[in-house]
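*Asks:* Residue numbers (this note's numbering), protein chains in the order written: chain W, -6 to 107; chain A, -10 to 98.
Take this structure, written in structure tokens, and hold onto it; I'll ask about it next.
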Amino acid sequence: EAGVAQSPRYKIIEKRQSVAFWCNPISGHATLYWYQQILGQGPKLLIQFQNNGVVDDSQLPKDRFSAERLKGVDSTLKIQPAKLEDSAVYLCASSSGRSTGELFFGEGSRLTVL
Amino acid sequence: SQQGEEDPQALSIQEGENATMNCSYKTSINNLQWYRQNSGRGLVHLILIRSNEREKHSGRLRVTLDTSKKSSSLLITASRAADTASYFCATDAIGKLIFGQGTELSVKP
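Structure (structure tokens):
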């Protein structure tokens, strides 16, 4: 079974530029999550999708971050414009959606904002 | 906001010793999960314990849950160098998983 795919693995941009991250969850998983992990900290939930609907985006800085999950499969997370404090690893995870069980994580996309 | 707090923040032991990590949380939960993260990689699920369970085993892992104290512990027995990683507890309280800050475990050969 293929795992959660994320790209790109690394991205370096200057502040005020934009960036987009892509995630393809495990086939058949209804729930998709984006987490932000700053160095030395635990992952922080940014947004949770159930199929193509948003379940929770209370921690998403909506003035600069946006995410979509068209057709209830893959997802894109965008940051525009980026700030220095957005430097982090962006982790995508998916689950089968039957209550909050085991999450399967991708390898993450490491963003450096200069 | 972070719900779980792991203790200690860092732990260094010799191969063959046992490693114990603790997690405390603030609100009632549906379940508590432990994950491992190797440096530069994604998180890997280790074990899930439901709120009505007190102890669970998986190979060399033993997890306990005390809902009256709002705390959990993860015990890794007979540790190996390959167990070197960060370990996170995560709580499911309202249908979303909230992670703690993690314990960084170093197992020296």
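Note that beta-carbon positions come from the ideal geometry of N, C-alpha and C, so glycine has one too.
Between W:Pro36 and chain A, is any beta-carbon pair separated by less than 8 Å?
*Replies:* With 8 Å as the cut-off, W:Pro36 counts as an interface residue toward chain A.
*Asks:* Measuring alpha carbon to alpha carbon, tell me which residue in A:Leu54, A:Gly29, A:Met10, A:Ser47 is nearest A:Ser17.
*Replies:* Residue A:Leu54 is the option with its Cα nearest to A:Ser17.
*Asks:* For the beta strand (DSSP E) that A:Asp81 lies in, which residues bound it at each end?
*Replies:* Segment 74 to 81, the beta strand (DSSP E) holding A:Asp81.
*Asks:* Give the residues of chain W in contact with A:Gln3, contact being defined as C-beta atoms less than 8 Å apart.
*Replies:* Chain W residues near A:Gln3: none, gap ~25 Å exceeds 8 Å.
*Asks:* Distance check for W:Arg62 and W:Gly46, CA to CA, integer angstroms please.
*Replies:* When rounded, the distance between both Cα atoms is 8 Å.
*Asks:* Express the C-alpha separation of A:Ala79 and W:Ile6 in angstroms, rounding to a whole number.
*Replies:* Going from the Cα of W:Ile6 to the Cα of A:Ala79 covers about 31 Å.
*Asks:* Per DSSP, what are the beta-bridge partners of A:Gly89 in this structure?
*Replies:* Answer by DSSP bridge pairing: none, since A:Gly89 is not bridged.
*Asks:* May I ask you to verify whether the stretch -4 to 9 of chain A touches the stretch 39 to 57 of chain W, counting CB pairs closer than 8 Å and requiring at least 3?
*Replies:* Not touching, per the Cβ criterion.
*Asks:* Since W:Glu123 meets chain A, which of its residues come closer than 9 Å, beta carbon to beta carbon?
*Replies:* Missing from the structure shown is residue 123 of chain W; chain W here goes from -6 to 107 and no further.
*Asks:* Just how far apart, CA to CA, sit A:Cys12 and A:Ile65?
*Replies:* The alpha-carbon atoms of A:Cys12 and A:Ile65 are separated by roughly 14 Å.
*Asks:* Looking at chain A, is there any beta carbon in it that lies within less than 8 Å of the beta carbon of W:Asp56?
*Replies:* No - not a single Cβ of chain A is within 8 Å of the one on W:Asp56.
*Asks:* Quick one: is A:Arg30 near chain W, going by C-beta distance under 8 Å?
*Replies:* True, the Cβ-Cβ gap to chain W drops below 8 Å.
*Asks:* Name the chain A residues that come within less than 9 Å of W:Phe98, Cβ to Cβ?
*Replies:* Going along chain A in sequence order, the residues near W:Phe98 (Cβ under 9 Å) are Tyr24, Gln26, Arg30, Gly31, Leu32, Val33, His34.
*Asks:* Apply the 10 Å Cβ neighbour rule to W:Ile31 and answer buried if 16 or more other Cβ atoms are within range, or exposed otherwise.
*Replies:* The residue in question, W:Ile31, is exposed, as its Cβ has fewer than 16 Cβ neighbours within 10 Å.
*Asks:* Can you tell me which of A:Gly91, A:Gln22, A:Tyr14 puts its alpha carbon nearest to the alpha carbon of A:Arg51?
*Replies:* The shortest C-alpha separation from A:Arg51 is found at A:Gln22.
*Asks:* Determine the chain A residues that contact W:Gln41 at a beta-carbon separation under 7 Å, and present them in chain order.
*Replies:* Simply Lys85.
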